[in-house]
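Encoded as structure tokens, the structure appears first; notes follow it.
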Amino acid sequence: MIAFNKYYNKFNILSVSLVVVSLLLLTFKGLNFGIDFKGGTLIELRASESKINVSSLRDNLNQMNLGDVSVKKFGNETDFLIKFENNDNKNVIEEIKTNLDKSFGNNFNFRRVENVGPKVSAELLKSGIIAISVALILMLIYIWIRFEWQFSLGAILALFHDVIVTLGLFSLLGLEINLSIIAAVLTIVGYSMNDTVVIFDRVRENLRKYSDIKIFELTNISINETLSRTLITSITTLLALLSIFFFGGEILRGFSLAMIFGVIFGTYSSIYIANTVLVRLRVSQKTVLKEDGSN
Amino acid sequence: MLYFSKLRIIFVTLISLIFILIASSNLFKFSNDLLNKKINLGLDLQGGSYLLLEIDNSPVVEQKLQNLTITIKNYFKEKNIRINNLKISNQELSFTVDNQFKQTVLDEFNDEESNLNPYYPRFKSHQLNIEEKNDLLIVNYSKQGLVELKTSSQDQALEIVRRRIDEIGTNEPNILKRGNDRILVELPGLDDPMRIKSLLGKTANLTFRFVASNTEDSFGTEKLKYEDSSEESVVSKRIILSGDNLLDAQPRMNNETNETVVSFTLDRVGAKRFGKATSTGIGKQLAIVLDGKIISAPVIRDTIASGSGQISGGFTFQSATDLALLLRSGALPAPLNIIEERTVGPDLGQDSINAGMIALAIGFALVILFIFIKYKIFGLITNIALIINLFLLIGVLTIFEATLTLPGIAGIILTVGMAVDANVLIFERIKEELKDEKNNLIAFDSGYTKSRTAILDANITTLIAAIILFFMGSGPIKGFSLTLGVGIFTTLFSVYFIARLLTVLYVAKNKQKEGLI
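Going down the list, the sequences are from chains A and B. Numbering of the first sequence is given in our numbering, commencing with residue 7 and proceeding in unit increments. Numbering of the second sequence is given in our numbering, commencing with residue 16 and proceeding in unit increments.
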């Protein structure tokens, strides 16, 4: 049996600092919102000639008065991602096409064009925030119906931890937040909850079984009993996610990365946040028996 | 938990076979009607254009208020009340009346029976609001009036958008209402939406008006720019003909001038008016105005009574074709703005499909390998259930002809990764049970029973996330939530029917064997 409980305090301090650092990052550095949430235009280009590079493209586009243009390689050497903020010119894509064809010859394939107006991006951001909030609230309700309040608190703190730290990591690394990241965050919420609930289920079962074991020990027993399941499921999920990350193409990369972070944090938080909340709230056999009596 | 009746075994086998058949119908073409269903590929996979259009209703409101000024004047004239200082600004109409009539005017506006201001009993609201501010009376659209106006202009716009897109002939366009002032257009297979965008961006409001010879025109005049130059002309506000009078329009080659023109045919009313105008206006310039710009302003040389004519204006064949198309399909009630556009080229779509399939194959292989190494014979059982699960998932998506997007493929891969969770929970539980219980059958039975709540919990939490995504998400994200959500149900089926059935069959044969799992 691994003595997970020996490190409860240390990892609690770590988690609190991670959350604090993440919140600081989110407040002061902020998130790198993509065009879905910020509005603007995105163009994915494939050049048929390998001589074309980022700086020549950037120089060319900078002459077009597009405002702040970002040009990046996208995946391989001949693919580029161009982004700029909204402007009023309706024919801007046509003009870019003409301009690039003039300067570089007819060498470009416009693989993807996305343009999100300011009104739509504001709506998408709002509905993204609503979606995550509603998900958290529904999880809270579900767990509140299923478990005693001490367990609910533990699960919710673990959830907030996972969401905040994942977003904090995105802020730190400057990774782009777009619609698919919202989907990833929601799936993380589901996954983290799932992991926590499995361990909690065992804690509650053990609480009924053993009256003489203190919660500090009991959580450790429960974690160990469910450990192989926790690990196997994390591994298979990570295997699936890693294969999306490496082979699923550039578009799914951000999504799979967020999920990979989320699964790791989710697994960690089920052990080191959700359970320590039970310990700190001095949950005992009485907590679950009282509930049984009232039912 | 371990008993399976013969009937149930047949049922499970049948279901599995049916779904394998349905799922594989995506790969092979079956002539059978029942199976003639396929998963649709989303725009991000097959390539195409997604356009969200917003109707700018402010010109409609202005126009309606403009019409209202005349209505109000005439309405109260009959009652011997003089309306003064009629003015429109900020979507509001203001006017003054003598103090003694103020109450009468207010009463007329608030009378539920009056024709002046229609009343909607269902919403307990008038079309227009009226209020008193200082000496002015201010009329504007009520909330309900505005909704009515928006809905009707959305209906009209939708019809025109559909006609224009049909004229171009893209395959299976999807044109839908969104809210009360938006229209969503999905155009599969279209990799360059330039032409459609420019066609949808034009209101195509066509009018024939005389170029004003003297500025004293009883209808008023306005200065308009030419389409192809910065020159301006003063044009009468009196409309001789509008696009509504057109029956047909076609691009033509004018043999005399060797120029591309748009020839048009007028309806009866239009032909009459056109004939009258051209007979009285010989020698005058007739401006052809499209969306506030003059295309050309030819001098009338002859009376045109045939009800057909030509518009010239330095067209290329393409621009003449487009103008003819716009004129045929009619004018939009209000300008449309493209507020969101997502276009994916067909080769990127194909790349995404390939990448998605490779990721699925590799992810699947890794999970299967891992589970087999971990659980041996029970791993095999889990893997068989997992493979059937995949067929079930694809089969359900096929039956509903769901749209598969790239995130949707990610959802399938993720389902593969998470689907083993339930079997892992069960097997780990059985292992624990076997520590105290020597009877395989009892241990397996209680393993299944005791893991049930945890499995249910785990799947409900994921389902909650999937449902929220489905209702809040758009496009590709919806595809993700769909596969994730459907995946939960197919997973539960494959775990509790297929994997359990195979487990039962195996355990029944190896009742006495020790260290079974």
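We put the CB at the ideal spot given by N, CA and C, even for glycine.
Counting only the Cα atoms, A458 of chain B lies some 12 Å from E529 of chain B. Contact residues of the region 200-217 of chain A toward chain B are N200, V203, V204, D207 (C-beta to C-beta distance below 7 Å). Nearest C-alpha to N186 of chain B among B:I70, B:G63, B:K524: B:G63.
DSSP places V112 of chain B in the coil class of the three-state scheme, outside both helix and strand. Setting aside the 5 residues that flank it on each side, E107 of chain B is surrounded in the same chain by I153, N155, each with a C-beta closer than 6 Å to its C-beta; the list follows chain order. For L284 of chain A, the nearest beta carbon of chain B is not closer than 8 Å to its own beta carbon. If you look at D85 of chain A, you'll find it in the beta strand (DSSP E) that goes 82-90. Here D259 of chain B is not near N72 of chain B, since their CB atoms are 8 Å or more apart. Taking all protein chains in view, the Cβ of T236 of chain A is crowded by 16 or more other Cβ atoms within 10 Å, so the residue is classified as buried. Under the Cβ distance rule, L484 of chain B counts among the residues neighbouring chain A, one pair being separated by less than 8 Å. Non-local beta-carbon contacts of G364 of chain B in its own chain, meaning distances under 6 Å to residues more than five positions away in sequence, involve L60, Q61, G62 in chain order. Chain B places no beta carbon closer than 8 Å to that of T33 of chain A, leaving this residue out of the contacts. The Cβ of I257 of chain A sits closer than 8 Å to at least one Cβ of chain B.
N68 of chain A is classed as exposed because its beta carbon has fewer than 16 other beta carbons within 10 Å across all chains shown. Listed along the chain, the chain A residues whose CB falls inside 7 Å of the CB of G216 of chain B are K96. Check the Cα spacing between G260 of chain A and each of A:L63, A:A137, A:F222, A:G81: the tightest is with A:G81. Between the alpha carbons of L30 of chain A and F486 of chain B lies a distance of about 32 Å.
Ranked by how close their Cα comes to the Cα of V204 of chain A, the residues A:N230, A:N38, A:G36 have A:N230 in first place.
Within the region 408-425 of chain B, L421, P422, I424, A425 place their CB atoms closer than 8 Å to a CB of chain A, listed in sequence order. Closest by C-alpha distance to R283 of chain B, out of B:P313, B:D263, B:K252, B:A380, is B:D263.
Within chain B, T476, I479 have C-beta atoms less than 7 Å from the C-beta of M145 of chain A, given in sequence order. Neighbourhood of F253 of chain A in chain B, by CB distance below 7 Å: A370, I373, A374, I377, in chain order.
Residue range 151-156 is occupied by the beta strand (DSSP E) that includes I153 of chain B, with no alpha helix (DSSP H) assigned at that position. Annotation: A280 of chain A has no Cβ neighbours in chain B at a cutoff of 8 Å; minimum Cβ distance is about 13 Å.
For S245 of chain B, no alpha helix (DSSP H) run applies, since DSSP gives it neither H nor E. For K132 of chain A, the closest Cβ of chain B is not nearer than 8 Å. The C-beta distance from R179 of chain B to L202 of chain B rounds to 12 Å, too long to meet the 8 Å contact threshold. The C-beta distance from I319 of chain B to S186 of chain A rounds to 60 Å, too long to fall under 8 Å, and the pair is not in contact. As computed with DSSP, N455 of chain B is found in no beta bridge at all. Our two residues, Q171 of chain B and V439 of chain B, have alpha carbons roughly 57 Å apart in a direct line. Not flagged as an interface residue toward chain B: L295 of chain A, since no C-beta distance is shorter than 8 Å. For D362 of chain B, the nearest beta carbon of chain A is closer than 8 Å to its own beta carbon. Contact between A246 of chain A and L507 of chain B is absent: CB atoms are separated by about 18 Å, not below the 8 Å threshold. In the DSSP assignment, the residues bridged to D263 of chain B are B:T280. Using a 10 angstroms sphere on the CB of K44 of chain A, the tally of other CB atoms reaches 16 or more, which defines it as buried. Boundaries of the alpha helix (DSSP H) around E101 of chain A: 98-110.
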